[in-house]
Amino acid sequence: MLTYWRFYWPLALIGVGMVLSIQFQNATLAKYPDAVTELAVLALSYGVFSFFNASLQFIAQLANVYARSPVATRRSWRFVVIASTLIMLPLAIIAGTDSGMSLISHIFSIDAALTARVGEYLVLLCPMILLNGQRHYFSGLLVQAKLTGWMTLINFTYLGVVIAALLTGLALAIKPAYVVVGSEALGVVVMLALLLFARYRLYRAPAKPEHEGVTYRELLNFFIPVSTTGVMFALSRPILFAFVARTPDGIATIAALRVAFDFSMIFQQAANQFRHFFISFGFDDLPSKRRFMTIICAGITAIMLIYSLTPLYQWVWGTVMGLPAELISIARDATLIMCLMPAIIIYRNYFHAHLMMMRRTGGMAYGSILRVGGIYACAHVCFSLGWLSPVNATLILILGFVIEAVIAQFTFRQANAHK
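With the numbering used here, letter number 274 in the sequence shown gets 332, and the count goes up by one each step, no holes.
Below, the structure is given as structure tokens:
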């Protein structure tokens, strides 16, 4: 179990480091005039951006699984470059055209001024798709080589750069969009430079080459289902926000839910690392690995409960981050409900790891699509009946992940039965 912990804790810190940057973005915007509007614009902008960016989330797993020989490494890298470019193009069209902006305005029911603010963010975010594709690819190589300690160092260097850039931009009173996106872009560029250094100085390829005959079609067949999983995850928030925006005080509620969901993502990212865990260690000695998963799940949930049930949340969101008081109460209630999420995510990811190792990633896609469908249906019903409160919106999000976890388990058992 000690071996598992030495591998896992740097991965968990990687997830924490990346999501902590979002907390500092929220804190920075809270210092601007009309903080509620600034946070809502950020939530809507990143909701749209994440729809495209989330399809890249499994590139690290693609590199971990396939980049195990010189030929496969080169071919998978080229695939990532092409895929990232194709993913960026639709976002650029939305951000750069009047019809794209009209679509944004219609989906979220926002006025022309807010739509223009969202469009400004999206234009700046387009190049991040290309940068993130490379970041995920080289991160996957380092995880494959079990260089997770270096990955932690690199990710916290990224966090330091982002924080420094945010504070500098705030002090210079630069426009919020430039501060938020510029700090993230600078952090990713520095991170990518360090990843490349580690790739060529520290990385060691597997002793036994694999996948030397891998084709672009095989990579595509692996990537499309897992990228669909990422895209469906990114759709979860915008679908909720599209309904919440139509409720009384919808903009304030969106801002508060973004704060709660972003905070919960710190712990959700830690839970997500079990995909890499099983890809690297396999599925032997399952009782020991399941005990390890249970201990991690209990620890993550306990931290979330302590935060939500003590004055700590008021100190962090109020005193440190300076969020408006009307947002803190909503965010706290939503976060308390989100304490259910780590157990659901870990359970789901146990079966996701099985499906990826079996090259049956289609089951992941089906589950994610049904998750989004369930979220949409429940949100529509609650909105129609006037029940769409912040608490109910959070419960709907969790219900969607329960649906996905059940489908992942069912698909794994079906695949295992037909071996």
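Quick reminder that beta carbons are idealized off the backbone N, C-alpha and C, glycines included.
All of these numbers come straight from a predicted model, not from anything done at the bench.
Worksheet entry | Minimum C-alpha distance to E268 - residue among Y104, G380, S134 | S134
Discussion item. Buried or exposed for R348, going by 16 or more other Cβ atoms inside 10 Å?
Written reply: Result: exposed.
Practice prompt. Determine the burial state of F196: buried for a count of at least 16 other Cβ atoms within 10 Å of its Cβ, exposed for fewer.
Written response: Buried is the label assigned to F196, since at least 16 other Cβ atoms lie within 10 Å of its Cβ.
Item to complete: Report buried or exposed for Y179, applying the criterion of at least 16 other Cβ atoms within 10 angstroms of its Cβ.
Response: buried
Item to complete: Given a cut-off of 9 Å, decide if A292 and F110 are closer than it, judged by their beta-carbon atoms.
Response: yes
Discussion item. Report the start-end ranges of each alpha helix (DSSP H) in the region 369-418 that is 4 residues or longer and not cut off at the edges.
Written reply: Counting only runs of 4 or more residues that sit fully inside the region 369-418, the alpha helix (DSSP H) segments are 383-396, 399-415, in chain order.
Worksheet entry | Cα-Cα separation between A165 and A112, rounded to whole angstroms | Note that residue 165 corresponds to Ile in the displayed sequence, not to Ala. C-alpha separation (whole angstroms): 19 Å.
Worksheet item: Going along the chain, which unbroken runs of the alpha helix (DSSP H) with 4 or more residues stay wholly within the region 91-126?
Response: 93-111, 117-124
Item to complete: Could you tell me the distance, in whole angstroms, from the CA atom of F459 to the CA atom of F332?
Response: 16 Å
Fill in: Counted within 10 angstroms of its Cβ, other Cβ atoms place G154 as buried (16 or more) or exposed
exposed
Discussion item. Taking the beta carbon of I364 as the centre, do at least 16 other beta carbons fall within 10 Å, making it buried, or is it exposed?
Written reply: exposed
Item to complete: Report the residue from M415, L385, Q327 whose alpha carbon sits nearest the alpha carbon of C355.
Response: Q327
Worksheet item: Within this structure, are the beta carbons of T311 and I388 separated by less than 9 Å?
Response: yes
Worksheet item: Counting Cβ pairs closer than 8 Å, one from the region 85-95 and one from the region 361-381, do we hit at least three?
Response: yes
Worksheet item: Could you give the distance in angstroms between the alpha-carbon of L224 and the alpha-carbon of N84?
Response: So the alpha carbons of these two residues sit roughly 10 Å apart.
Discussion item. Am I right that A150 and E270 are in contact with their C-beta atoms under 8 Å? What's the rounded C-beta distance?
Written reply: The pair is not a contact, with the Cβ atoms about 36 Å apart (cut-off 8 Å).
Item to complete: Could you check if D156 is buried or exposed, using at least 16 other CB atoms within 10 Å of its CB as the buried criterion?
Response: Exposed is the call here.
Fill in: 9 Å Cβ cutoff met for H412 and T287
no
Discussion item. Would you say L180 lies against chain D (beta-carbon separation less than 9 Å)?
Written reply: You won't find chain D in this structure, because it holds only one protein chain.
Fill in: Cβ-based neighbour list, L102, same chain, cut-off 6 Å, excluding 5 preceding and 5 following
F166, V176
Practice prompt. State the Cα-Cα distance for the pair N213 and Q202, rounded to the nearest angstrom.
Written response: 16 Å
Practice prompt. Figure out for me which residue from A174, F441, L277, V302 has the closest Cα to the Cα of I140.
Written response: Out of A174, F441, L277, V302, L277 has the C-alpha closest to the C-alpha of I140.
Worksheet item: Taking the alpha helix (DSSP H) that E462 falls in, what are its first and last residues?
Response: 448-475
Worksheet item: Rounded to the nearest angstrom, how far is the Cβ of E242 from that of S108, given a contact under 8 Å?
Response: Going by Cβ atoms, the distance from E242 to S108 rounds to 13 Å, so no, they are not a contact pair.
Worksheet item: According to the Cβ coordinates, are V94 and A121 closer than 9 Å?
Response: no
Worksheet item: Closest by CA to G432, which one among I461, L182, A423?
Response: I461
Practice prompt. State buried or exposed for R136, treating a residue as buried only when at least 16 other CB atoms are found within 10 Å of its CB.
Written response: Exposed: under 16 other Cβ atoms inside 10 Å.
Worksheet item: Who are the Cβ neighbours of R262 in its own chain at under 6 Å, not counting the five residues just before and after it?
Response: A203
Discussion item. Let's see if you can read the secondary structure: which residues bound the alpha helix (DSSP H) around W135?
Written reply: In the DSSP assignment, W135 falls within the alpha helix (DSSP H) that extends over 128-154.
Worksheet entry | Proximity to S442 [Cα-Cα], best of A314, F301, Y424 | Per the Cα distances, F301.
Worksheet entry | Between the CA atoms of L367 and N279 - distance to the nearest angstrom | 45 Å
Practice prompt. Could you spell out where the alpha helix (DSSP H) holding V272 opens and where it closes?
Written response: No alpha helix (DSSP H) holds V272; DSSP gives it neither H nor E.
Worksheet item: Smallest Cα separation from R406: which of N330, T61, I221, V248?
Response: The shortest Cα separation from R406 among N330, T61, I221, V248 belongs to N330.
Discussion item. Give the list of continuous alpha helix (DSSP H) stretches no shorter than 4 residues that lie fully inside the region 281-358.
Written reply: 308-330, 332-339
Worksheet item: Using a Cβ-Cβ cut-off of 7 Å (strictly less than) and excluding sequence neighbours within five positions of L455, which residues of its own chain qualify?
Response: The answer, listed in chain order, is S294, L298, I433.
Worksheet item: Where G158 and F341 are concerned, what is the direct C-alpha to C-alpha distance, given to the nearest angstrom?
Response: Distance between the alpha carbons of G158 and F341: 46 Å.
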